[in-house]
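J.:
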Amino acid sequence: MQGVLFICSMNRWRSPTAEQIFSEHPGIECSSAGLNHGAENPLTPELLAWADLIFVMERSHKDKLARDFKPHLLGKRVICLNIPDNYKFMDPALVKLLHAKVDRFLPRAAERSA
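Adding 678 to a residue's 1-based position in the sequence shown gives its number in the working numbering.
1. Kindly identify the DSSP beta-bridge partner or partners of PRO720.
2. Along the beta strand (DSSP E) that carries LEU772, what are the first and last residues, could you check?
3. Where do the N-terminal and C-terminal ends of the alpha helix (DSSP H) with ARG745 fall, by residue?
4. Starting from ARG692, trace the alpha helix (DSSP H) both ways and give me its first and last residue.
5. Out of MET688, ASP730 and ASP781, which one is the CA nearest neighbour of GLU707?
6. Take the Cβ of THR695 as the centre, count every other Cβ of all protein chains shown within 10 Å, and call the residue buried at 16 or more, exposed below.
7. Output the distance between the C-alpha atoms of GLY705 and PHE684, rounded to the nearest integer angstrom.
8. How many angstroms separate the CA atom of ASN719 from the CA atom of CYS758?
9. Please return the same chain residues whose Cβ sits closer than 7 Å to the Cβ of LYS766, not counting the five positions on each side in sequence.
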């Protein structure tokens, strides 16, 4: 199983949506976290150690991740999705955008649904 971690600012809308929609994807386990103080599920070094693939929603998240967690990113693949904070949890437009940007990085993406 590949550990896939989704990160946004507060772990309220974007990253929990991604975690939920990809949680049933074959071959992966998902989690999500937030980088800001007061996040619903704050990012920890343990989560980064668990993750094989890390998705951040914005460039600022990638920068903050590199600044605050650099020693924990060795050998980790971090992908910026460039998804702004314009969506609510499970917004259909966000779900569509996440599939468009994330599916190609996941194992057996073509088998997601039949």
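Where a beta carbon is used, it is the ideal one built from N, C-alpha and C, also for glycine.
T.: According to the data block:
1. As a position in the sequence shown, residue 720 is number 42, starting the count at 1. Paired residue(s): GLY712.
2. Counting from one through the sequence shown, the residue named residue 772 turns up at place 94. Not the beta strand (DSSP E): LEU772 falls in the alpha helix (DSSP H), residues 770-780.
3. In the sequence shown, residue 745 corresponds to position 67, counting from 1. Run containing ARG745: 737-747, per the alpha helix (DSSP H) assignment.
4. Counting from one through the sequence shown, the residue named residue 692 turns up at place 14. Where ARG692 is concerned, the enclosing alpha helix (DSSP H) stretches over 692-700.
5. Stepping through the sequence shown from its first residue, residue 707 is reached at position 29. Checking every option, the nearest Cα to that of GLU707 belongs to ASP730.
6. Translated into the one-based positions of the sequence shown, residue 695 becomes position 17. Classification for THR695: buried.
7. To locate residue 705, count along the sequence shown from 1; it is residue 27. To locate residue 684, count along the sequence shown from 1; it is residue 6. Cα-Cα distance, rounded: 16 Å.
8. Along the sequence shown, one-based indexing puts residue 719 at 41. Along the sequence shown, one-based indexing puts residue 758 at 80. Approximately 19 Å between the Cα atoms of the pair.
9. For the purposes of this step, residue 766 is taken as residue 88 along the sequence shown, with counting starting at 1. Contacts found: TRP691.
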